[in-house]
């Protein structure tokens, strides 16, 4: 504690320490300073820096304070995890997104299917207590990202619980694969039942969905380093502004004397 | 009465004291423990305003002395406080 207090005394402006440093050290030795005194001393140092307007030190002190505040904000912000999978589309005939895919996606992302997923996985417990299921499904849709391209479907789900994010994402992908299987089964059934039927629209068949990776939840949102840098930058700027304002006030007061 | 500058002035009213002696004195007469940062913040302000001045001493524990201006200021502040205390007590008796 003694060394920390000795370090904290150095946070006072050099000019102030030159005047009061020796007697201040003597006081700290006499009083057997504790943790509360350390905080009091740091507050005193900050106020003296503001008062004596040492701009670089003031910027550094406020920058450190900004880092501390940013870390608290980062800690208090709830974490979210995104789990993503790319479903590859293998198209045998026509180029472009097969027309069955949007139909297939509408089944997977239908209100009934999403309601089932919410209930089975007990998603959004607090929202379900206070909102209608339609609103919760709307929220669920906002957390699902579905991006179709001619080559692949990018499906991802973001949720505060990493395990649930991964599990629900796996189930969404499985639903796509089951729907794909059902389409192909229906096509095979149509073909065998109706041999005399006219040839089908070639764009209505000839694709397959393949999944090659497994969903891994990754944290999303603010990056810690960026948040801390922002805290330091914001704090330092505020420190410079306060020190300059203080200096200006002192000059204007001096010019009026 | 918790303004640190007023507490320091009151402490010096009966004689010169260094930082630790002021801290202990204030703890005794006001039951308030001033932290080192608060105490020296008050000392710095009071010296700037000319209400106290350091006394030469060979020791690192430099004593401070109330100036005439500081004594006048303390008297004015205490008179103001005295009015508030008397008015408060009078009103309490009427309730």
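Residue numbers (my numbering), protein chains in the order written: chain W, 1 to 257; chain E, 1001 to 1095.
Note that beta-carbon positions come from the ideal geometry of N, C-alpha and C, so glycine has one too.
Rounded separation between residue i and residue j - CA only
i: residue 240 of chain W; j: residue 88 of chain W; result: 54 Å
i: residue 1054 of chain E; j: residue 71 of chain W; result: 43 Å
i: residue 1084 of chain E; j: residue 1070 of chain E; result: 21 Å
i: residue 1080 of chain E; j: residue 1091 of chain E; result: 17 Å
i: residue 261 of chain W; j: residue 209 of chain W; result: A query on residue 261 of chain W cannot be resolved here, the shown segment of chain W reaching from 1 to 257 and no further.
i: residue 256 of chain W; j: residue 1027 of chain E; result: Confidence at residue 256 of chain W is low in this model, with a pLDDT of 45, below 50, so its placement is unreliable and the value that follows should be read with caution. Rounded to whole angstroms, residue 256 of chain W to residue 1027 of chain E spans 39 Å at the Cα level.
i: residue 151 of chain W; j: residue 231 of chain W; result: 42 Å
i: residue 164 of chain W; j: residue 149 of chain W; result: 26 Å
i: residue 160 of chain W; j: residue 135 of chain W; result: 18 Å
i: residue 202 of chain W; j: residue 213 of chain W; result: With a pLDDT of only 44 at residue 202 of chain W, under the threshold of 50, the placement of this residue in the model should not be trusted; the figure read from the coordinates follows. Roughly 30 Å separates the two Cα atoms.
i: residue 1048 of chain E; j: residue 221 of chain W; result: 50 Å
i: residue 1036 of chain E; j: residue 1082 of chain E; result: 28 Å
i: residue 1077 of chain E; j: residue 49 of chain W; result: 28 Å
i: residue 55 of chain W; j: residue 1032 of chain E; result: 34 Å
i: residue 1029 of chain E; j: residue 1022 of chain E; result: 10 Å
Inter-residue CB distance, residue i and residue j (contact presumed, cutoff 8 Å)
i: residue 90 of chain W; j: residue 153 of chain W; result: Actually they do not touch by this definition, with Cβ atoms about 12 Å apart.
i: residue 173 of chain W; j: residue 123 of chain W; result: Contact flag wrong, Cβ pair sits at about 16 Å.
i: residue 45 of chain W; j: residue 8 of chain W; result: 7 Å
i: residue 1012 of chain E; j: residue 1064 of chain E; result: 6 Å
i: residue 273 of chain W; j: residue 108 of chain W; result: The requested residue 273 of chain W does not occur in the structure, where chain W is confined to residues 1 to 257.
When the options are compared against residue i, the one with the closest alpha-carbon
i: residue 217 of chain W; options: W:211, W:156, W:104, W:26; result: W:156
i: residue 175 of chain W; options: W:112, W:24, W:13, W:232; result: W:112
i: residue 243 of chain W; options: W:19, W:59, W:231, W:68; result: W:59
i: residue 3 of chain W; options: W:33, W:68, W:12; result: W:33
i: residue 1004 of chain E; options: E:1076, E:1021, E:1046, E:1028; result: E:1046
i: residue 76 of chain W; options: W:252, W:245, W:224, W:97; result: W:224
i: residue 166 of chain W; options: W:222, W:16, W:98, W:143; result: W:143
i: residue 1020 of chain E; options: W:234, W:81, W:131, W:27; result: W:27
i: residue 1 of chain W; options: W:17, W:36, W:11; result: W:36
i: residue 73 of chain W; options: W:228, W:110, W:249; result: W:228
i: residue 41 of chain W; options: W:23, W:12, W:69; result: W:12
Those residues which DSSP pairs with residue i across a bridge
i: residue 227 of chain W; result: None; residue 227 of chain W has no bridge partner.
i: residue 1017 of chain E; result: E:1064
i: residue 309 of chain W; result: Absent from the structure is residue 309 of chain W, since the part of chain W shown begins at 1 and ends at 257.
i: residue 8 of chain W; result: In DSSP, residue 8 of chain W forms no bridge with anything.
i: residue 1009 of chain E; result: In the DSSP output, where bridge partners are listed per residue, residue 1009 of chain E has none listed.
i: residue 208 of chain W; result: W:90
i: residue 118 of chain W; result: Per DSSP, none; premise fails for residue 118 of chain W.
i: residue 156 of chain W; result: W:84, W:145
i: residue 1052 of chain E; result: E:1066
>> Tell me which residues of the stretch 5-33 of chain W have at least one Cβ-Cβ distance to chain E shorter than 8 Å, keeping chain order.
In response: Hits within the stretch, in order: 16, 20, 22, 23, 24, 25, 26, 27, 28, 30, 31, 33.
>> Closer than 8 Å between beta carbons: that is the criterion. Which residues of the stretch 1025-1047 of chain E meet it against chain W?
In response: Legend: CB atoms of the stretch 1025-1047 of chain E lying less than 8 Å from CB atoms of chain W belong to residues 1035, 1036, 1037, 1038, 1039, 1040, 1041, 1043, 1044.
> Taking Cβ-Cβ distances below 9 Å as the criterion, which residues of the stretch 1059-1081 of chain E are in contact with chain W?
Replying inline: Listed by position, the residues of the stretch 1059-1081 of chain E near chain W (Cβ gap below 9 Å) are 1059, 1060, 1061, 1062.
>> Beta carbons nearer than 8 Å to chain W: which residues of the stretch 1001-1023 of chain E have them?
In response: Per Cβ criterion, the list reads 1018, 1019, 1020, 1023.
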